[in-house]
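Read through the structure below, which is laid out as structure tokens, and then see the notes.
Protein chains: 2
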Amino acid sequence: MRSLSDLIEQYLREQLKKVETLEIQRRELARMFRCVPSQINYVLETRFTINHGFLVQSRRGGGGFIRITRLNWEPGEEFSEILEELLEIGVSQEEAELILKRLIQTAVLEYEEAVLLNQVLQDVLINEAERNGLGGEEQNQLRARVLRALLLFVSGRAHAR
Amino acid sequence: MRSLSDLIEQYLREQLKKVETLEIQRRELARMFRCVPSQINYVLETRFTINHGFLVQSRRGGGGFIRITRLNWEPGEEFSEILEELLEIGVSQEEAELILKRLIQTAVLEYEEAVLLNQVLQDVLINEAERNGLGGEEQNQLRARVLRALLLFVSGRAHAR
DNA sequence: GAAACTAAGGTCAGGAAAGGTCAAGAAGAG
DNA sequence: CTCTTCTTGACCTTTCCTGACCTTAGTTTC
Chain A
0 MRSLSDLIEQ YLREQLKKVE TLEIQRRELA RMFRCVPSQI NYVLETRFTI
50 NHGFLVQSRR GGGGFIRITR LNWEPGEEFS EILEELLEIG VSQEEAELIL
100 KRLIQTAVLE YEEAVLLNQV LQDVLINEAE RNGLGGEEQN QLRARVLRAL
150 LLFVSGRAHA R
Chain B
0 MRSLSDLIEQ YLREQLKKVE TLEIQRRELA RMFRCVPSQI NYVLETRFTI
50 NHGFLVQSRR GGGGFIRITR LNWEPGEEFS EILEELLEIG VSQEEAELIL
100 KRLIQTAVLE YEEAVLLNQV LQDVLINEAE RNGLGGEEQN QLRARVLRAL
150 LLFVSGRAHA R
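Taken in sequence, the protein lines are chains A and B.
According to numbering that gives the first Met the number 0, the first sequence is numbered sequentially starting from 0.
According to numbering that gives the first Met the number 0, the second sequence is numbered sequentially starting from 0.
If you want it as structure tokens, here you go:
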């Protein structure tokens with residue numbers, strides 16, 4: 000017999016087949032499944048993580064909501080693997096900006112956050128490149144490492160918001 | 000269901016797509032959305048800050064208004080290269096004030112504008128330093144970035160005049 | 001020209017409406 | 001029986017909205 004968590008997961012996945020981004024109210028969903036609200040958190044934490052290919056964001060207070068976004072990574076590929084890939088191939092400044100733009104479009108980042116991240120990225124690169132005289136390829140490697148760190152940070156923070 | 004604040008934000012952003020500077024009356028806007036005037040302040044304070052890329056000014060009394068300016072973060076031309084240098088070295092509070100003074104002397108800025116920019120600069124620093132516990136060097140870096148953004152905005156506007 | 005009036009916008013604290021966290025017990029799996 | 005997963009409830013934090021009261025800037029009156 001399937002658990003309640005399984006049923007909730009199934010329901011949410013069903014919805015997420017139709018749309019890329021789903022906005023729900025924790026209260027509402029809990030009422031639908033006649034469970035305690037924190038049960039919803041449990042489902043999200045165990046079944047809709049970044050490694051499952053989802054991004055969960057939320058807002059408290061009046062009119063609060065939980066937003067689940069289905070990330071369109073290649074099937075089977077995990078977020079962390081994508082980041083590892085970045086490391087191997089390196090990231091040019093243009094590619095980095097493309098990645099950030101995409102993250103804005105998918106509402107992972109606010110515009111001003113992306114601007115700030117990009118600036119941080121450039122700062123680090125300028126500093127390091129000058130100090131250690133990095134070649135183009137080495138710069139791309141460094142950029143990949145920094146971008147990866149930033150994105151891991153952002154994805155970790157996403158659920159808390 | 001979206002909150003009233005979201006709707007007001009949406010409306011203002013819509014308007015600000017068409018124009019760079021928007022002048023509204025708090026009363027009027029509050030009447031449109033059938034809310035208390037201070038609700039407007041709440042929206043401005045939480046969604047139209049410097050970090051969101053907006054500058055909000057206002058005047059009280061008869062014929063009072065609220066002016067929202069969309070900051071142009073797009074990098075400019077040569078002027079920006081000078082500003083990029085700021086990024087590398089960081090800017091202390093004293094240096095920032097010196098820079099602003101020089102800009103007044105060279106008639107790039109009005110005195111009141113410089114005072115305003117300085118205030119904005121300090122606001123941002125106080126906020127960020129408190130929230131993230133920045134060290135002295137990090138503060139200088141952040142100050143450089145913010146000052147750069149502010150000056151880019153001002154210089155962009157100067158061209159328009 | 002100063003005082004009183006009027007017409008704005010600003011501040012702040014409190015309550016309500018969400019969602020988050022955590023620990024403990026229950027239920028399943030092996 | 002033991003280990004993991006699930007479920008619940010008490011308590012916490014954040015966000016939103018309102019209303020009472022304050023400040024500022026024109027306008028009118030004397």
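The beta carbon of each residue, even a glycine, is placed where N, CA and C say it ideally should be.
Is there a C-beta anywhere in chain A that falls below 8 Å from the one on residue i?
i, result
"residue 2 of chain B", "yes"
For a cutoff of 8 Å on Cβ pairs, would you count residue i as touching chain B?
i, result
"residue 52 of chain A", "no"
Rounded to the nearest angstrom, what separates residue i and residue j at their Cα positions?
i, j, result
"residue 21 of chain B", "residue 53 of chain B", "11 Å"
"residue 74 of chain A", "residue 17 of chain A", "Low per-residue confidence applies at residue 74 of chain A: pLDDT is 42, beneath 50, and the placement is therefore not dependable enough to give any value."
"residue 51 of chain B", "residue 13 of chain B", "15 Å"
"residue 67 of chain A", "residue 34 of chain B", "30 Å"
"residue 69 of chain B", "residue 19 of chain B", "5 Å"
"residue 49 of chain A", "residue 57 of chain B", "43 Å"
"residue 59 of chain B", "residue 9 of chain B", "25 Å"
"residue 11 of chain B", "residue 32 of chain B", "12 Å"
"residue 47 of chain B", "residue 39 of chain A", "32 Å"
"residue 23 of chain B", "residue 61 of chain A", "26 Å"
"residue 43 of chain A", "residue 1 of chain A", "17 Å"
"residue 15 of chain B", "residue 63 of chain B", "20 Å"
Determine the burial state of residue i: buried for a count of at least 16 other Cβ atoms within 10 Å of its Cβ, exposed for fewer.
i, result
"residue 55 of chain A", "buried"
"residue 190 of chain A", "Residue 190 of chain A lies beyond the stretch modelled for chain A, which goes from 0 to 160, so this question has no answer here."
"residue 45 of chain A", "exposed"
"residue 6 of chain A", "exposed"
For residue i, tell me which candidate among the options has the shortest Cα-Cα distance.
i, options, result
"residue 25 of chain A", "A:19, A:41 and A:49", "A:41"
"residue 3 of chain A", "A:15, A:30 and A:64", "A:30"
"residue 27 of chain A", "A:70, A:65 and A:69", "A:65"
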